Amino acid sequence: MTKSTFHKITDSHFTKLVLFLLFAFIPFVFAVNDVQLFIFWGINILLAQSINLLSGFAGQISLGHAAFYAIGAYTSGILMTNFGLSLVVTILVTALVNGLVGYLLSFPAGRVKEFYLAMMTLGFGFIIQEVAKEWSSVTGGVMGLSGIPSPQLGTFTFLGIPMGLAYYYWVVLIIVVFFLWMFKNFVQSYFGRSFLAVHRSELSAASIGISPQYVKQLAYTVSALMAGVAGALYAHLMGYIGSNSFGMMQSIEILVMGILGGFGTIIGPILGAGFLTFIPNKLQFIQEYQLMIYAFLLVVSFLIIPQGFAGVLNLRTSLYKNLKHKEKSPLPVHNVLAKREIIDSEANRSNQPILTTTNVIKDFSGLRALNGISIKLYRGEILGLIGPNGSGKSTLVNLISGIYPITSGKISFEDHDITNKQSHYIANRGIIRTFQDPHNVANMTVRENLLLGNHRLYQSGILSCTINFKRSLVEEQEMLVKVEQIMDLSELAHYADDQVGNLPYGIQRIVEVARAILAEPKILLLDEPAAGLSETELKLLIQLIRYVKSRGIPIVLIDHHMEFVASLVDRVFVLDSGEEIYSGDMKGMKQNKQVIEAYLGVAKHA
1 MTKSTFHKIT DSHFTKLVLF LLFAFIPFVF AVNDVQLFIF WGINILLAQS
51 INLLSGFAGQ ISLGHAAFYA IGAYTSGILM TNFGLSLVVT ILVTALVNGL
101 VGYLLSFPAG RVKEFYLAMM TLGFGFIIQE VAKEWSSVTG GVMGLSGIPS
151 PQLGTFTFLG IPMGLAYYYW VVLIIVVFFL WMFKNFVQSY FGRSFLAVHR
201 SELSAASIGI SPQYVKQLAY TVSALMAGVA GALYAHLMGY IGSNSFGMMQ
251 SIEILVMGIL GGFGTIIGPI LGAGFLTFIP NKLQFIQEYQ LMIYAFLLVV
301 SFLIIPQGFA GVLNLRTSLY KNLKHKEKSP LPVHNVLAKR EIIDSEANRS
351 NQPILTTTNV IKDFSGLRAL NGISIKLYRG EILGLIGPNG SGKSTLVNLI
401 SGIYPITSGK ISFEDHDITN KQSHYIANRG IIRTFQDPHN VANMTVRENL
451 LLGNHRLYQS GILSCTINFK RSLVEEQEML VKVEQIMDLS ELAHYADDQV
501 GNLPYGIQRI VEVARAILAE PKILLLDEPA AGLSETELKL LIQLIRYVKS
551 RGIPIVLIDH HMEFVASLVD RVFVLDSGEE IYSGDMKGMK QNKQVIEAYL
601 GVAKHA
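Numbering-wise, the sequence shown is residues 1 to 606 according to full-length UniProt numbering.
In structure tokens:
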């Protein structure tokens, strides 16, 4: 079965209804023990998807994920045993409590990476387990918390009706299906795409207006919430919880479910959860070798099936909503552009600069990279920023875009001081950039990467996107139309559904520039966009740049391809060893002795 065929089948509402009904009939077909296993599968699905969101999508390592599971279980158990609250209320309160814990953890966790993040989450898991052991007056300590209403013990009621295991199975089924539906909507929205962008590179994500800190806060909050609901369902299934159920082994199991199934997909963790639910139960003798088996599965996943079961079965998750009845633009963009005059005159200019750098100085460990640079950029112009390698061109762009803090001086944009502001703040104000090497998300398609360019333009909130309110669907449709238009203009339509990492270098470069244009910049900073392009790709790049200029958008262009630069720029600013040596038109630059010396090494008085 091909990937497209699989998605056509699974996207069918009729197919989804049939699957739901088949699962709903399980209590009538299977024995009690098997029904309990299916309930465990549902709980594990929530756990696997919770770490999938945090680690698979947002790229945040978690080695203590069972801590969230434990908080959910104990919170729900305590609320029901001590206060007699209903299942619905306890699950809602548990979700809120866990979400708050995840949000608070995101602040310290969001400041560290890799090894230190792994150690922090591991420590968090140990702390929660120790609290559960020692806080005996609340958690029952080493004896655990018992007396939790349970369908297996005949003590569980729902809306005043005694609930057996079959009824509880249906409750779990509905909750799991509801969460999977919301999860799918979430990851196929601009929120989900922003998670993968941060996972790929926080630097490039910030350059298009995505706040890495906000993404991490949201990832920890939602992930903890889902794990908490799983914990609540587990507590009521068992009727008893002890701290030993939420230790390091459980955290590893949750991690293995996600990795083995396939991080960054929806179907993968479902398969991984099923594998680790049913196989160990049917093969009881492997229980004593559990840790060894988990280690083996992790090695197999990393070395043989790095994309998990989902990768083997080619079940990649689309990162946008495949909306029906798409409305095409009434006139293809390239036709519109053909009829639009490319304005190189003063019509798009303004006497007031849109961007100003004043006496900007940048030092790196005592080495001066830029020394007193002052530039004014006007609307509608293309400013060439040129100079030998190491002259400070990219450093200046990095200062303007907020990647580096300046040592002294001032940067103003639209009369606002943006000196040392964060990159995502500057991007959201309208200064968008590209990089010397394309900073696309390699495992996302061309269309999905281009949708990232629209990120700062979205207005729908997280609830609207997760529940699929009409406003969010209309907005997504509008953004998809914009993407189709830019693909027509940049001749990328042929590659729309190809993963960017599999495309030639030149096409990747064009994708990045097209994505920057979709962000509707007020200023576009292009750092060596022509590097590595073929003649055909270079002509396409020139077309894109002229399109941007035709809209009155100023561009700062860095490149070593002088013929390419000369064909586009209105004036140039030349740097050498961090200092300005020329500012003016191209003709004057070619005759300037300092510029000639900087490029050719000719002595001034030769």
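Beta carbons are placed, not taken as given, at the ideal position from N, Cα and C, and that holds for glycine. Just so it is clear, the structure is predicted and the values come from calculations on it, not from any experiment.
query	result
Rounded Cβ spacing between Phe246 and Ala70 (contact assumed at less than 8 Å)	4 Å
For Glu253, the three-state DSSP class (helix, strand or coil)	helix
Three-way DSSP call (helix, strand, coil) for Tyr234 in this model	helix
Residues near Ile462 in its chain [Cβ-Cβ closer than 7 Å; skip 5 each side]	Phe191
His560 - DSSP class collapsed to helix/strand/coil	coil
Identity of the residue in Gly308, Ala205, Asn82 and Ala66 nearest Ala58 by Cα	Ala205
Residue burial classification, Val595 (beta-carbon count within 10 angstroms, cutoff 16)	buried
Per-residue burial, His325 [other beta carbons within 10 Å of its own, 16 or more giving buried]	Caution is warranted here: a pLDDT of 42 is assigned to His325, below 50, making its placement in the model unreliable, and the coordinate value is therefore given only provisionally. Exposed is the call here.
Start-end ranges of the alpha helix (DSSP H) lying completely within the segment 379-458, minimum 4 residues	393-400, 423-429 and 446-453
Contact check, Gln436 vs Ala519, beta carbons under 8 Å	no
Straight-line gap, residue 614 to Ile553 (C-alpha atoms, nearest Å)	Missing from the structure shown is residue 614; the chain here goes from 1 to 606 and no further.
Helix, strand or coil at Gly527 [DSSP, three-state]	Gly is not the amino acid found at residue 527; the sequence shown has Asp there. Residue state, collapsed to three classes: strand.
With 16 other Cβ atoms within 10 Å as the buried cut-off, status of Arg111	exposed
Chain-order list of residues whose beta-carbon lies under 6 Å from that of Tyr505 (same chain, five-residue window excluded)	Gly532
Which of helix, strand or coil DSSP assigns to Thr121	helix
Thr536 versus Arg368 - alpha carbon distance	39 Å
Inter-stretch contact (C-beta, 8 Å, three-pair minimum) for the segment 232-239 and the segment 85-101	yes
Cα-Cα separation between Leu385 and Ala224, rounded to whole angstroms	47 Å
Asn398, buried or exposed, once every other Cβ within 10 Å from all chains shown has been counted against 16	buried
Close-in-space but distant-in-sequence residues of the same chain around Phe68 (CB under 8 Å, 5 per side omitted)	Ser50, Asn98, Val101, Gly102, Ser223, Ala224, Ala227, Gly228 and Gly231
Backbone secondary structure at residue 607 - three-state DSSP	A question about residue 607 goes unanswered here, because the residues of the chain that appear run from 1 up to 606.
Rounded separation between Met292 and Leu298 - CA only	10 Å
When Asn454, Val446 and Ile517 are compared against Gly501, the one with the closest alpha-carbon	Val446
Contact check, Ala66 vs Ile267, beta carbons under 8 Å	no
Contacts around Ser150, its chain only, beta-carbon distance under 7 Å, and the 5 residues preceding and following it disregarded	Phe156, His236, Leu237, Met238 and Gly239
Environment of Pro521 [buried if 16+ CB atoms lie within 10 Å]	buried
Residue range of the unbroken alpha helix (DSSP H) whose run includes Gly272	Ile267 to Lys282
Three-way DSSP call (helix, strand, coil) for Glu579 in this model	strand
Residues near Ile510 in its chain [Cβ-Cβ closer than 7 Å; skip 5 each side]	Ser490, Leu492, Glu537, Leu540 and Leu541
Asn449 versus Phe195: straight-line alpha-carbon distance, rounded	12 Å
Any 3 or more C-beta pairs closer than 8 Å across the segment 182-190 and the segment 400-413	no
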